[in-house]
Structure formats: C-alpha cells, structure tokens
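Read the structure below first, then the notes.
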Amino acid sequence: MTRREIAIENFKKGYNCSQALVKTFMDMIPADEKTMMSLASSFGGGMGRLREVCGSVTGMFMVAGILYGYDGPETGDVKADHYAGIQELAHKFEEEHGSIICREMLGLSVKHDVSTPEARTEEYYKKRPCAEIVGDAAELLEQYIKEHPVKN
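Residue numbering for the sequence shown follows my numbering, starting at -17 and increasing by one per position.
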C-alpha cells in the first residue's frame, strides 16, 4: 500500500485527520505510537473541531518536526531552515487545496465550535473530502521527505 492509501485507511478506521497522517509515518518516528496518537488527538477537525488549521497539515508539521526539527532554544539558521521547510509544506498544500484552514476547505462560512464529532457514516464520507485530504497530505509529505533526506 502507498502512504496515501494507508493515510486514507487510517482515517476511515476512525482516527482523526491529524492522527491518521501521523500514524502513516510511525515507521519513521522514534517515539511510541500511543504517545504520538495522544499528541495528535487534539488537532483533528482543525484543532479540536475549531475548524482552524487542517489536522492533516498539523500532522505533517508534527512529523516534519520530529524528522527535521530542533530540540533546543535555537536561533538563526537552524530555526530559519526548519521554518522554511514547514512553510514549503504549507504552501504546497495550499496550492493544491486553496487553503490550509479546515472550515475554508469544507466550505463552512463560520467557525463551528461544536465538540461532538459527526458519526463516520457512508453519508459523512460522501459530503466530507477529509479522507482524500489526508491522503493528499501523506503524499505531499512523502514527496518532501524524498526531496529532503532525513539526517540522523
């Protein structure tokens, strides 16, 4: 299976968008899955269903942070280089989807601060592009990793 297919499958199993993306790259993450799934759980639905930055995008950023990030009070080139990579991912995602904001991609006119997630029914998947968006994000991150090999 491709990472795109794995990400879509993860989402359809019930993981939120951020978790589905992170879980797709667990083979590259030097942390336990339970911790990573707990960390990513807050970012589904555009950050706790606030419909802000898409959970797939925050998932990409979490994986990129683990693979390319820094772990100290960095300044200068180290921080700038990392942020440049994050911005590259964001811009590529935005080019493909027109936004990195959940509510804009879903065509919602206002924020919906409803904490209860919708049931994952067949109707849900018909009206929401989320599974495909998660797949697109996985594909984008996979390509980024190929173009920017991880240094250990």
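Don't be surprised by glycine CBs; every beta carbon is placed ideally from N, CA and C.
All of these numbers come straight from a predicted model, not from anything done at the bench.
query: Count the other CB atoms within 10 Å of the CB of L90; is the residue buried (16 or more) or exposed (fewer)?
result: The residue in question, L90, is exposed, as its Cβ has fewer than 16 Cβ neighbours within 10 Å.
query: In terms of DSSP beta bridges, what is G45 paired with?
result: According to the sequence shown, residue 45 is Val rather than Gly. According to DSSP, V45 bridges with nothing at all.
query: What span of residues does the alpha helix (DSSP H) with H130 cover, start to end?
result: It is not in any alpha helix (DSSP H) - H130 carries neither H nor E in the DSSP assignment.
message: When you compare the CB positions of G67 and Y52, do they come within less than 8 Å of one another, or not?
response: Contact: no.
message: Would I83 and C112 be called neighbours here (beta carbons separated by less than 8 Å)?
response: In this structure, I83 sits away from C112, with a CB-CB distance that is not shorter than 8 Å.
- prompt: Apart from the five residues on each side of it in sequence, which residues of its chain come closer than 6 Å, Cβ to Cβ, to R(-15)?
  reply: Excluding its 5 nearest sequence neighbours in each direction, R(-15) has C-beta neighbours in its own chain below 6 Å: T6, A120, E124, listed in chain order.
field: Which listed residue (E(-13), F(-7), S38, A22) has its alpha carbon closest to that of T103
entry: When only C-alpha atoms are compared, the closest one is F(-7).
- request: Thinking V116 and A2 are a contact (beta carbons under 8 Å), I'd like their distance in whole angstroms, please.
  value: Under the criterion of beta carbons closer than 8 Å, V116 and A2 qualify as touching, at roughly 5 Å.
query: How about I11 and I48: do their beta carbons lie closer than 8 Å?
result: Cβ atoms of I11 and I48: closer than 8 Å.
task: Let me know if H130 comes out buried or exposed under the rule of 16 or more other beta-carbons within 10 Å of its beta-carbon.
output: That one is exposed.
task: Assign M(-17) to one of two classes, buried (16 or more other C-beta atoms within 10 Å of its C-beta) or exposed (fewer than that).
output: M(-17) counts as exposed, since fewer than 16 other C-beta atoms from the protein chains shown sit within 10 angstroms of its C-beta.
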